[in-house]
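Enquirer: Handing you this structure, nothing more for now.
Protein chains: 2
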Amino acid sequence: MTINSETRFLIVGLGVMGGSYAKALSRRGCSVSGITLEQKDIDYAVAQGIIARGSTVPDPGLVASADVIVFALYPHTFVEWIERYQHLLSPGALVTDVCGVKTSVIKKIQSILRPDVEFISAHPMAGREGSGIEFSDDAVFRGANYIVTPTPSNTPEAVEAAKEIGRMLGFGSISELTPERHDEIVGYLSQLTHCIAVSLMTCRQSEGMELYTGDSFRDLTRIARINDDMWSELFLLNREQLLMQMDEFENEFRRLRSFISYGDRESMREMMRESTRRRALFDKKKQGDQ
Amino acid sequence: MTINSETRFLIVGLGVMGGSYAKALSRRGCSVSGITLEQKDIDYAVAQGIIARGSTVPDPGLVASADVIVFALYPHTFVEWIERYQHLLSPGALVTDVCGVKTSVIKKIQSILRPDVEFISAHPMAGREGSGIEFSDDAVFRGANYIVTPTPSNTPEAVEAAKEIGRMLGFGSISELTPERHDEIVGYLSQLTHCIAVSLMTCRQSEGMELYTGDSFRDLTRIARINDDMWSELFLLNREQLLMQMDEFENEFRRLRSFISYGDRESMREMMRESTRRRALFDKKKQGDQ
């Protein structure tokens with residue numbers, strides 16, 4: 030399947046991510062329709078030109094007319110939707126998603142999906158605090174990373190189509206990872222960071238401290254404002270990997286603690302220099318993106 | 030001492046923080062001179078209008094003519110300077126600093142300082158990555174927090190003067206803490222966050238991962254680019270407090286780990302909701318500042 034401005038997209042789930050997809054694709058001239066629970070979100074999306082039309086139920090005509098269906102739902106809702114409504118999909122349709130965990134979701138979907146429909150999974154590494162379509166904003170994709178996670182069951186055409194969708198959305202870097210490697214890396218880069226931010230925010234009484242803080246604490250806790258429903262699901266779906274990443278972090282944190290405790294300044298400094306060196310690689314990339 | 034545009038300031042140490050102080054005060058029309066190690070930094074600061082004049086040595090005339098001397102040095106260098114050169118200070122001069130730890134520094138300085146000179150300590154909660162006067166920028170003070178840490182030895186006039194300096198620098202919030210409470214709070218808000226950022230950055234191999242990261246990891250590791258010389262000194266000067274803060278964080282992190290490990294989703298969600306609620310207080314303040 031070739032992805033271009035003629036492609037008809039259906040976005041299932043017009044939250045902050047689904048809404049941002051719809052905005053970006055409509056801006057590129059694609060025909061974009063949407064399915065979401067609340068009529069007010071459909072009305073808003075149509076009024077704002079984010080989608081051309083929409084429905085609060087899996088309208089057979091709407092589903093059948095889509096070439097690409099993007100599921101911007103929580104993992105378990107995505108699986109339930111496929112179980113109940115996949116008979117409505119058009120033969121040859123391409124299904125993709127935005128789920129933050131891959132191995133378990135892909136395994137489940139590929140095991141139940143009709144053989145005449147292909148699922149290629151992808152993870153847009155961009156988002157915003159706040160939920161709901163009013164917070165959607167495709168500017169967050171600019172310069173951001175988009176990861177396609179194919180399995181041996183995927184066709185090269187579907188992988189290429191998913192990458193093309195990432196390009197149309199405006200992502201700065203499009204890459205490929207196996208689902209397993211994705212879950213390991215995202216366990217570190219994203220899930221562990223959320224665990225740290227939440228723990229930092231709740232580990233002690235902090236009321237009134239906004240008068241004394243600098244930007245470092247604000248930066249480290251920005252994501253401590255967290256969608257508990259979604260993240261608790263993601264953590265449990267990637268439990269094994271996440272626990273391993275948490276342990277690696279804790280070991281390193283304890284190593285630093287012991288340097289401080291023993292007054293081993295040279296080891297502290299060595300660790301800080303290594304930290305500075307590694308962080309520079311992430312800076313460079315960000316500048317390159319802009 | 031009344032602080033106004035007639036006040037003659039001397040900044041000792043024209044690094045990123047000293048340079049930012051000098052910029053802000055010169056902009057307010059004050060007479061600002063500087064002492065720093067390198068002639069090139071003096072030349073740069075004079076050429077840019079950051080200071081009116083400067084010296085690479087404690088020039089007696091320069092020191093004696095200052096009403097307020099701001100020490101923008103590392104703690105041990107500040108103490109050494111006072112030990113060696115305090116005889117040059119003008120009687121009635123006000124000494125202040127920018128040190129990130131207070132209890133140990135204030136105790137030391139107050140014990141050795143001439144009785145006809147007063148030291149009032151303050152901590153500007155703003156900074157920039159990168160060091161050196163070329164990185165100085167007084168815009169970082171806008172909306173930021175400035176903490177004065179008086180002891181019973183301080184006069185109300187000196188406390189008020191320190192606050193007025195904070196206002197002239199452009200800080201958004203000026204507050205007062207005892208040195209002990211400052212070190213506890215800063216151990217949490219600033220030192221612990223740096224320990225976390227460094228440990229997150231070094232706990233595992235991350236080369237190439239800039240292709241897969243989202244903003245959360247970038248935000249949590251921004252300060253992992255760290256001045257190892259300064260921060261190792263600050264950590265050791267506040268060792269006891271910092272170790273306590275590290276332990277509180279680690280306990281909370283382990284609590285979250287056990288919820289994930291046991292699949293206790295409701296406890297995870299409760300912790301995330303508490304985190305979200307607490308973080309909102311920091312957001313509000315930030316908006317109020319702007």
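Same order as they appear, the protein sequences are chains A and B. The numbering of the first sequence is my numbering, which starts it at 30 and goes up by one. The numbering of the second sequence is my numbering, which starts it at 30 and goes up by one. Built from N, CA and C at the ideal position, the CB exists for glycine as well.
1. Since R307 (chain B) meets chain A, which of its residues come closer than 7 Å, beta carbon to beta carbon?
2. I need the DSSP call for A151 (chain A), collapsed to helix, strand or coil.
3. Distance, Cα to Cα, A93 (chain A) vs R251 (chain A)?
4. May I ask which residues mark the beginning and end of the beta strand (DSSP E) holding Y175 (chain B)?
5. Would a check of beta-carbon distances place T65 (chain A) closer than 9 Å to chain B?
6. Please check if any C-beta of chain B sits within less than 9 Å of the C-beta of F200 (chain A).
7. Looking at A122 (chain A) and V86 (chain A), is the spacing between their C-beta atoms short of 9 Å?
8. Of all Cβ atoms in chain A, is any one closer than 9 Å to the Cβ of D96 (chain B)?
9. When DSSP labels each residue in this structure, what does D72 (chain B) get in the three-state scheme?
10. Taking C-alpha atoms, which residue in A:I203, A:P208, A:R171 lies nearest to Q139 (chain A)?
11. Taking I63 (chain B) as part of the beta strand (DSSP E), name the residues at either end of that continuous run.
12. Closest Cβ-Cβ distance between R171 (chain B) and chain A: below 9 Å?
13. Nearest CA to the CA of S298 (chain B): which residue from A:P181, A:F282, A:D312, A:S228?
14. Considering only DSSP beta bridges, list what T125 (chain B) is partnered with.
15. Between A:I162, A:N174, A:L206, A:R171, which has its C-alpha nearest T181 (chain A)'s C-alpha?
16. Count the other C-beta atoms from every protein chain shown that fall within 10 angstroms of the C-beta of H223 (chain A), then say buried if there are 16 or more, exposed otherwise.
17. Between which two residues does the alpha helix (DSSP H) holding E205 (chain A) run?
18. Report the residue ranges of all beta strand (DSSP E) runs contained in full by the segment 196–277 of chain A; include only those spanning at least 3 residues, in chain order.
19. By how many angstroms is the C-alpha of A151 (chain B) removed from the C-alpha of L240 (chain A)?
20. Between the segment 161–179 of chain A and the segment 192–204 of chain A, can you find at least three pairs of beta-carbon atoms closer than 8 Å?
21. Can you list, in chain order, the residues of its chain with a C-beta nearer than 6 Å to that of F38 (chain B)? Leave out the 5 residues immediately preceding and following it.
22. What does C128 (chain B) reach in chain A if we use C-beta pairs closer than 9 Å?
23. Pull up the distance between the alpha-carbon of R81 (chain B) and that of G63 (chain B), whole angstroms please.
24. DSSP has S84 (chain A) in a bridge; who is on the other side?
25. I want to verify the contact list: residues of chain A whose CB lies under 9 Å from the CB of G292 (chain B), in sequence order.
26. Using only alpha-carbon positions, find the residue among B:L198, B:V41, B:L218 that is nearest to P104 (chain B).
27. Would a check of beta-carbon distances place K315 (chain B) closer than 9 Å to chain A?
Expert: According to the structure shown:
1. Per Cβ cutoff of 7 Å: M230, T231, S235.
2. Here DSSP, grouped into helix, strand and coil, assigns A151 (chain A) to strand.
3. Approximately 41 Å, taken between the alpha carbons.
4. Here the beta strand (DSSP E) through Y175 (chain B) covers 174–177.
5. Output row for T65 (chain A): interface = no.
6. Judged by the 9 Å Cβ criterion, F200 (chain A) is not in contact with chain B.
7. Contact flag unset, no.
8. For D96 (chain B), the answer is no, since every Cβ of chain A falls outside 9 Å of its Cβ.
9. Correct three-state label for D72 (chain B): helix.
10. The candidate whose alpha carbon is nearest that of Q139 (chain A) is A:P208.
11. The residue asked about is misnamed: residue 63 (chain B) is Gly in this sequence, not Ile. Per DSSP, G63 (chain B) belongs to the beta strand (DSSP E) from 60–64.
12. Interface residue (Cβ-Cβ distance to chain A less than 9 Å): R171 (chain B) is not classified as such.
13. Correcting the residue type first, residue 298 (chain B) is Arg in the shown sequence and not Ser. When only C-alpha atoms are compared, the closest one is A:S228.
14. According to DSSP, T125 (chain B) bridges with B:V99.
15. The question names Thr, yet the displayed sequence has Pro at residue 181 (chain A). Minimum Cα distance to P181 (chain A) is reached at A:L206.
16. Label assigned to H223 (chain A): buried.
17. Element bounds for E205 (chain A): not the alpha helix (DSSP H) but the beta strand (DSSP E), 202–205.
18. Runs of the beta strand (DSSP E) inside the segment 196–277 of chain A: 202–205.
19. Near 14 Å, if we compare the C-alpha coordinates of A151 (chain B) and L240 (chain A).
20. Judged by Cβ distances under 8 Å, the segment 192–204 of chain A makes contact with the segment 161–179 of chain A, as three or more pairs qualify.
21. Cβ within range, chain order: L54, C59, V61, V97.
22. Per Cβ cutoff of 9 Å: no residues; C128 (chain B) is ~14 Å from chain A at best.
23. First, the residue type needs correcting, since residue 81 (chain B) is Ala and not Arg in the sequence shown. For the pair A81 (chain B) and G63 (chain B), the Cα-to-Cα distance works out to about 8 Å.
24. Its beta-bridge partners are A:I64.
25. In chain order: L265, R268.
26. Put simply, of B:L198, B:V41, B:L218 the residue whose alpha carbon is nearest the alpha carbon of P104 (chain B) is B:V41.
27. Bear in mind that a pLDDT of 44 at K315 (chain B), under 50, signals an unreliable position, so the number given afterwards is only what the model happens to contain. Answer yes: the Cβ-Cβ gap between K315 (chain B) and chain A drops below 9 Å somewhere.
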